[in-house]
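The structure under discussion appears below in the form of structure tokens.
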Amino acid sequence: MPLCISIERTLAERAIKELRRRGILDREHLITRAGNSVIVPVRVNAPGELELSFTRLPVFECSPPLREIVKAPLPSLDVVGNVVILRENVLKLRRAEDIIAAIKQVYPRVKAVWVKEETNDVFRIPLLKLLWGEEVREITVKEYGIEMRVKLGEVYFNPRLAEEHRSVAQLTKNGEVVVDVFSGIGGFTLHIASMRRCLVVANDLNPVAYELLVENIKLNRRKLKSTIIPLNSDAVELPHILRQGVADRLIADFPMKSTEYYEVYEKLLKPRGILHLYTVSTCSPEYARAKLAGVFENWHIVQCKPVLEYAPRTEIYRCDLVKPDNV
Ligand SMILES: C[S@@+](CC[C@H](N)C(=O)[O-])C[C@H]1O[C@@H](n2cnc3c(N)ncnc32)[C@H](O)[C@@H]1O
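And the structure:
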């Protein structure tokens, strides 16, 4: 049976703060009103008396309502720094107040809850609507000890890519020239540079992403072993900026459009160079493979593996390809 104290309304806030600080506020049940009193559920062993710093109160058995969040778990969300990002469709299933209450209880330090409304096609930037809290847009996140500054709503950023950044970095070897064709704020680049001695060219067309890429290189400079060349160009210009056949490895993380840049990859990569290409496909890795086979004739498609869910029954795959000798 739950246990409660009853306290006069004007003293309730002070008592609740103290209970919370002492870790004896019962968060599974709701605080309710009874006339001029407030009934506060508490986590103590047995009925009796509870001593607060400013008063003593009887503890009695009670039946406060369960918090809804206990019955309904948190929706799928991303927590980045002290900010929570929800997908728009979550609001079709549950009331905003319930979601906010649940988030605040599980993540008490959260300062803002944003709803991701749509993604602008060119820079892959989400349109964010503030559901609750302060307009916190500038945050610092950490992936495997690498710090990254992010401006939410101005650059592409997905906290679910941390493992993928690491996996690709683990595939690289010392001495390679790597071109991160669509680098964003530098996820792949910084992971590679923190693990290997390479030359990494990181490029993004979005000027804000480029600005943050440069800032993130500076922020992590003590941890980086590679030389990084940041660029702010259209990918189609890269073969005019860099020497043709310069790259041992390319990363092409622009899933909706990556196949449109075939000529760029073909020009920049050495024979037998490796391309990590991200692409959107339905159903299975075989569909992703078949889609690429039509574009990358004679290239060896080593594997396609799912990385992220993009939409129901649609995933983002990473396909690893090897450029043939004779292209
Ligand atoms: C999916 S995001 C890349 C994410 C990044 N690799 C990461 O791990 O966070 C695709 C990026 O491509 C950039 N982009 C779009 N069109 C481009 C182009 N023509 N040339 C270079 N970059 C482009 C966008 O600004 C965006 O940052």
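For what it's worth, this note's numbering labels the leading residue of the sequence shown as 43, then goes sequentially.
Just so it is clear, CB atoms sit at the ideal spot from N, CA and C, and this is done for glycine as well.
- Message: Taking its Cβ as the centre, do 16 or more other Cβ atoms sit within 10 Å of D367, making it buried, or is it exposed?
- Response: Mapped onto the sequence shown, residue 367 falls at position 325. So D367 counts as exposed.
- Item | Beta-carbon proximity list for F165, same chain, < 6 Å, skipping 5 on both sides | As a first step, residue 165 must be located in the sequence shown, where it is residue number 123. Excluding sequence neighbours, F165 sits near N248.
- When burial is assigned at 16 or more other CB atoms within 10 Å of the CB, is C240 buried or exposed? Taking the first residue of the sequence shown as position 1, residue 240 is located at position 198. By the beta-carbon neighbour count (other beta carbons within 10 angstroms, threshold 16), C240 is buried.
- Item | Beta-bridge pairing of K265 - partner residues as DSSP gives them | Stepping through the sequence shown from its first residue, residue 265 is reached at position 223. The partner list for K265 (beta bridge, DSSP) is empty, contrary to what the question assumes.
- Message: Taking a contact to mean a Cβ-Cβ separation below 8 Å, would you say A235 touches V242 in this structure?
- Response: For the purposes of this step, residue 235 is taken as the residue at position 193 of the sequence shown. For the purposes of this step, residue 242 is taken as the residue at position 200 of the sequence shown. Yes.
- Query: Measuring from the CB of N203, is there a heavy atom of ligand 1 at a distance below 7 Å?
  - Reply: Counting from one through the sequence shown, the residue named residue 203 turns up at place 161. The sequence given here places Leu at residue 203; Asn does not occur at that position. True, at least one ligand heavy atom lies under 7 Å from that Cβ.
- Message: Quick check: is any heavy atom of ligand 1 less than 7 Å from the C-beta of L61?
- Response: To locate residue 61, count along the sequence shown from 1; it is residue 19. No; taking the cut-off as 7 Å, the Cβ of L61 has no heavy atom of ligand 1 nearer than that.
- Roughly how many angstroms lie between the CA atoms of E50 and E139, to the nearest whole one? In the sequence shown, the residue the question calls residue 50 occupies position 8. In the sequence shown, the residue the question calls residue 139 occupies position 97. Between E50 and E139, the C-alpha separation is close to 27 Å.
- Message: Starting from S372, trace the beta strand (DSSP E) in both directions and tell me its first and last residue.
- Response: For residue 372 there is no data in the structure shown, the boundaries of the chain being 43 and 369.
- Pair within 8 Å by beta-carbon distance, W174 and V155: For the purposes of this step, residue 174 is taken as residue 132 along the sequence shown, with counting starting at 1. For the purposes of this step, residue 155 is taken as residue 113 along the sequence shown, with counting starting at 1. Less than 8 Å separates the beta-carbon of W174 from that of V155.
- What separation, rounded to the nearest whole angstrom, lies between the Cα atoms of L350 and G229? As a working note, residue 350 is residue 308 in the sequence shown. As a working note, residue 229 is residue 187 in the sequence shown. Whole-angstrom Cα-Cα distance: 15 Å.
- Do L292 and L310 have their C-beta atoms closer together than 8 Å? If you number the sequence shown from 1, residue 292 lands on position 250. If you number the sequence shown from 1, residue 310 lands on position 268. Against a cut-off of 8 Å, the Cβ pair of L310 and L292 comes out as a contact.
- Message: Can you find the residues in the same chain that come closer than 6 Å, C-beta to C-beta, to Q371, ignoring five residues on each side of it along the sequence?
- Response: Outside the modelled stretch of the chain, which goes from 43 to 369, sits residue 371, for which no answer is possible.
- Item | Proximity of R85 and I66 at Cβ, strictly below 8 Å | Translated into positions along the sequence shown, residue 85 becomes position 43. Translated into positions along the sequence shown, residue 66 becomes position 24. A contact, by the Cβ cut-off of 8 Å.
- Task: For L232, name the three-state secondary structure that DSSP assigns.
- Result: Here residue 232 is taken as the residue at index 190 of the sequence shown, counted from 1. L232 falls in the helix class under three-state DSSP.
- What residues match up with F102 in a beta bridge as DSSP calls it? Mapped onto the sequence shown, residue 102 falls at position 60. Per DSSP, the beta bridge partners of F102 are C46.
- Message: Could you check whether L99 and I47 sit closer than 8 Å to each other, using their CB atoms as the reference points?
- Response: Taking the sequence shown and counting its residues from 1, one reaches residue 47 at position 5. Taking the sequence shown and counting its residues from 1, one reaches residue 99 at position 57. Yes.
- Message: With H, G and I counted as helix, E and B as strand and the rest as coil, what does DSSP make of T321?
- Response: Here residue 321 corresponds to residue number 279 of the sequence shown, with the count starting at 1. Strand.
- Query: What does a CB cutoff of less than 8 Å around Y304 pick up in its chain, not counting 5 residues either side in sequence?
  - Reply: For this step, residue 304 is matched to residue 262 along the sequence shown. Taken in chain order, the residues that qualify are V337, F338.
- Helix, strand or coil at M190 [DSSP, three-state]: Position 148 of the sequence shown, counted from the start, is the residue given in the question as residue 190. Per DSSP, reduced to three states, the secondary structure at M190 is strand.
- Message: Which residue marks the beginning of the beta strand (DSSP E) containing Y352, and which one marks its end?
- Response: One-based indexing of the sequence shown puts residue 352 at position 310. 342 to 353 is the extent of the beta strand (DSSP E) around Y352.
- Decide yes or no for the touch test of the stretch 188 to 203 against the stretch 271 to 285: beta carbon pairs closer than 8 Å, at least 3 of them. At 8 Å Cβ cutoff, the stretches do not touch.
- Three-state secondary structure assigned by DSSP to Y307: Here residue 307 is taken as the residue at index 265 of the sequence shown, counted from 1. DSSP places Y307 in the helix class (H, G or I) of the three-state scheme.
- Query: Relative to the alpha-carbon of R179, which residue among V126, K347, S118 has its alpha-carbon at the smallest distance?
  - Reply: As a working mapping, residue 179 is identified with position 137 in the sequence shown. The candidate whose alpha carbon is nearest that of R179 is V126.
- Item | Continuous beta strand (DSSP E) assignments of at least 3 residues falling wholly in the stretch 150 to 200 | Whole beta strand (DSSP E) segments, 3+ residues: 154 to 162, 167 to 175, 180 to 185, 188 to 193.
- Task: Taking E196 as the reference, give the member of T97, P168, A353, A143 with the closest Cα.
- Result: In the sequence shown, residue 196 corresponds to position 154, counting from 1. Looking at the Cα atoms, P168 is the closest of the given residues.
- Proximity below 8 Å, CB of V288 to CB of V219: For the purposes of this step, residue 288 is taken as residue 246 along the sequence shown, with counting starting at 1. For the purposes of this step, residue 219 is taken as residue 177 along the sequence shown, with counting starting at 1. A Cβ-Cβ contact shorter than 8 Å links V288 with V219.
- Message: Let me check you understand the geometry: is the CB of G229 closer than 7 Å to at least one non-hydrogen atom of ligand 1?
- Response: The residue you call residue 229 lines up with position 187 of the sequence shown. Checking every heavy atom of ligand 1 against the Cβ of G229, one is found closer than 7 Å.
- What residues are listed by DSSP as bridge partners for H71? For the purposes of this step, residue 71 is taken as the residue at position 29 of the sequence shown. L108.
- Starting from the Cα of K171, find the closest Cα among T161, V157, N162 and give me that residue. Start at 1 with the first residue of the sequence shown, and residue 171 comes out as number 129. Answer by Cα proximity: V157.
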